[in-house]
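Chemist:
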Amino acid sequence: MPKNSIGLIELSSIAAGFQVCDAMLKAADVDLVLARTVCSGKYIVLVRGNVAAVQSSVDAGNYEGGFSVIDSFVIPNVHESVFPAMSGATKGSWLEALGIIESFSVASLIEGADAAVKAANVQLLEIRLAMALGGKAFVSMTGNVAAVQSAVDAGAD
26 MPKNSIGLIE LSSIAAGFQV CDAMLKAADV DLVLARTVCS GKYIVLVRGN VAAVQSSVDA
86 GNYEGGFSVI DSFVIPNVHE SVFPAMSGAT KGSWLEALGI IESFSVASLI EGADAAVKAA
146 NVQLLEIRLA MALGGKAFVS MTGNVAAVQS AVDAGAD
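The opening position of the sequence shown corresponds to residue 26 in the working numbering, with each subsequent residue numbered one higher.
Here it is as structure tokens:
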């Protein structure tokens, strides 16, 4: 089965983040994409796998995290350009217009980036996840003016 689904849990406690990461990896056959502290003393865990495994993993993490969970999500069919943008491996082939979406929630920002790139013909340039940004996350994208506007509108909803 393709591993094109992702799940993320954002926590207010670093200690709880380690417990949640352990529970998520033990609950289902998922790959750990990212587990780290982010600004403002938060912790994020991002996993990848098939839809059912990712959902089981996130459910287990939400249960384990309890009141420390700030936000969580599962995206069942994430756009393939999200992963290189998160790792900073994307280089813009053209820059006609630039769109930026920012958020204090890492989870909602990744959801917004996925929605943006699915809504219009844009190229994701970078997804920065709350490191050295005062707890904020942002996504940048490029394309023609109309496409960038449509993508930003879709991602900000």
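Glycine included, each C-beta is placed from N, C-alpha and C at the ideal position.
Quick check on this structure: which residue in 112, 171, 127 has the alpha carbon closest to the alpha carbon of residue 58?
Modeler: 112
Chemist: Examine the Cβ distances between the region 122 to 139 and the region 99 to 110 and report whether three or more of them are shorter than 8 Å.
Modeler: By the Cβ rule, the region 122 to 139 counts as touching the region 99 to 110, because three or more pairs are nearer than 8 Å.
Chemist: Cutting at 8 Å between CB atoms, please list the residues of its own chain near residue 52, excluding the five before and the five after it.
Modeler: 81, 82, 84, 85, 86
Chemist: Which stretch, first to last residue, makes up the alpha helix (DSSP H) that contains residue 143?
Modeler: 131 to 144
Chemist: Among all the DSSP beta bridges, which residues are the ones paired with residue 35?
Modeler: Residue 35 pairs with 69, 96.
Chemist: Taking C-alpha atoms, which residue in 143, 39, 145 lies nearest to residue 63?
Modeler: If we check each option's Cα against that of residue 63, 39 comes out closest.
Chemist: Relative to the C-alpha of residue 139, which residue among 79, 170, 105 is closest?
Modeler: 105
Chemist: Less than 8 Å between the beta carbons of residue 95 and residue 35, yes or no?
Modeler: yes
Chemist: Going by beta carbon distance, what residues of the same chain come within less than 7 Å of residue 56, once the five residues before and after it are set aside?
Modeler: Taken in chain order, the residues that qualify are 28, 72, 73, 74.
Chemist: Thinking C-alpha only, which one of 148, 169, 90, 54 is nearest residue 76?
Modeler: Looking at 148, 169, 90, 54, the one whose alpha-carbon comes closest to that of residue 76 is 54.
Chemist: Measure the alpha-carbon distance for residue 178 versus residue 45 and round it to whole angstroms.
Modeler: 33 Å
Chemist: Using a Cβ-Cβ cut-off of 7 Å (strictly less than) and excluding sequence neighbours within five positions of residue 172, which residues of its own chain qualify?
Modeler: 145, 146, 147
Chemist: For residue 88, which residues of its own chain have a beta-carbon under 8 Å away from its beta-carbon, when the five flanking residues on both sides are left out?
Modeler: 48
Chemist: Between 67, 153, 142, which lies nearest to residue 167 when the distance is taken from Cα to Cα?
Modeler: When 67, 153, 142 are compared, the shortest CA-CA separation from residue 167 is found for 142.
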